[in-house]
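Asker:
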Amino acid sequence: MDLRGHGDADKPAAGYSLAQVAADVAAFMDAAGIPSAVLLGSSSGGYVAQQVAITSPHRVTGLVLVGSPRSLQGRPSFADEVDQLTDPVDAAWVRKFLTWFPRFHQVPPWYIDGRVQDGARMPSYVWRETLAGLVSARPPTDMATITAPTLIVWGARDELLTREHQQALAAAIPASRLIIYQNTGHLVLWEQPERVASDLTAFVASLRQQPA
């Protein structure tokens, strides 16, 4: 699914709090007839997945958090540039924005081009409201304990999230396991999709082997 404001999803003027975006995930599952699922979230999508696991724990069979933060409170270095965006959002700015997350494995140019196009399609207010909703939210693991079995995947060369940050996330989720990908940056899913898919498959298989 595309989160609100992104891709082909609706782009309302408001409603970008972490709680509201997490509610969209549950609503999507309702519409698709999915009682529960393993949720995979990459980067801030993992923050959303954590919120779903807190607010709708019965819907979450397991979590896979890929380069996911434990907390996003505070003002990131690029917030000033986001505040100054105007419509239409410049594709060249989006491409520059993506360079703030260094990559250490080859990512196909067509894939990068697609993400640039996605970013340029987002109205400037979506950029601002999405960022505001993320940084103002109380971290999900501060609100309650996530009980779902959780796989945490982190790139050792992530310049946004430190090892200590990921260890704190793992410590906050009792039934979690942290896997570290060496020579990989923040955008783990972009850099190593095959390895993530393999680890995801093994994680789902392990859940099926657990007693009901």
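For the sequence shown, the working numbering begins at 70 and goes up steadily by one.
Glycine included, every Cβ here is placed at the ideal spot set by N, Cα and C.
#1: Pick helix, strand or coil for T130, following the three-state DSSP scheme.
#2: Could you round the C-beta distance between A122 and I215 to whole angstroms and report it? I think they count as a contact, below 8 Å.
#3: Can you tell me where the alpha helix (DSSP H) with Y85 in it begins and where it stops?
#4: Closest to R164 by C-alpha separation, out of T155, V151, Q186, would be which residue?
#5: What distance in whole Å lies between the Cβ atoms of A206 and L141, which are believed to be in contact at a cut-off of 8 Å?
#6: Got a sec? Which residues, its chain only, sit under 7 Å from P192 by beta carbon, not counting five neighbours each side?
#7: Pick helix, strand or coil for T210, following the three-state DSSP scheme.
#8: Below 8 Å between beta carbons: does that hold for L276 and R246?
#9: So, do the stretch 143 to 161 and the stretch 128 to 135 have three or more beta carbon pairs nearer to each other than 8 Å?
#10: Which value, in whole angstroms, describes the spacing of the CA atoms of H75 and S86?
#11: Out of V265, F272, W259, which one is the CA nearest neighbour of P177?
#12: Please return the same chain residues whose Cβ sits closer than 6 Å to the Cβ of M70, not counting the five positions on each side in sequence.
#13: Please classify T199: is it buried, with 16 or more other beta-carbons within 10 angstroms of its beta-carbon, or exposed?
#14: Quick one: grab the DSSP three-state call for V107.
#15: Would you list the one or two residues that DSSP bridges to S113?
#16: For the alpha helix (DSSP H) that contains S56, what are its first and last residues?
Answerer: Quick look at the numbers:
#1: Here residue 130 refers to the residue found at position 61 of the sequence shown. T130 sits in a strand when the DSSP states are folded into three classes.
#2: As a first step, residue 122 is located in the sequence shown; it is residue number 53 there, counting from the start. As a first step, residue 215 is located in the sequence shown; it is residue number 146 there, counting from the start. Contact annotation, A122 with I215: C-beta distance approximately 5 Å; criterion of less than 8 Å satisfied.
#3: On the sequence shown, position 16 is the one that residue 85 refers to. That residue, Y85, is in no alpha helix (DSSP H); it is neither H nor E in DSSP.
#4: Counted from its first residue, the sequence shown places residue 164 at position 95. From the listed residues T155, V151, Q186, the smallest Cα separation to R164 is found for Q186.
#5: Numbered from 1 along the sequence shown, position 72 holds the residue referred to as residue 141. Numbered from 1 along the sequence shown, position 137 holds the residue referred to as residue 206. The pair is a contact, with the Cβ atoms about 7 Å apart (cut-off 8 Å).
#6: Numbered from its first residue, the sequence shown carries residue 192 at position 123. The answer, listed in chain order, is K80, D156.
#7: Counted from its first residue, the sequence shown places residue 210 at position 141. The answer is helix: DSSP assigns T210 an H, G or I state.
#8: Indexing the sequence shown from 1 puts residue 276 at position 207. Indexing the sequence shown from 1 puts residue 246 at position 177. No, Cβ-Cβ distance for L276 and R246 is not below 8 Å.
#9: No: the two stretches stay apart, fewer than three of their Cβ pairs being nearer than 8 Å.
#10: Your numbering for residue 75 matches position 6 in the sequence shown. Your numbering for residue 86 matches position 17 in the sequence shown. One Cα belongs to H75, the other to S86, and the distance between them is close to 14 Å.
#11: Taking the sequence shown and counting its residues from 1, the one referred to as residue 177 is at position 108. The shortest C-alpha to C-alpha distance from P177 to any of V265, F272, W259 is the one to W259.
#12: Position 1 of the sequence shown, counted from the first residue, corresponds to residue 70. Taken in chain order, the residues that qualify are F97.
#13: Stepping through the sequence shown from its first residue, residue 199 is reached at position 130. So T199 counts as buried.
#14: Sequence index remark: in the sequence shown, residue 107 carries index 38 (1-based). In this structure, V107 counts as strand in the three-state DSSP scheme.
#15: Along the sequence shown, read from residue 1 onward, the residue named residue 113 stands at position 44. Bridge partners of S113: none, in fact.
#16: A question about residue 56 goes unanswered here, because the residues of the chain that appear run from 70 up to 281.
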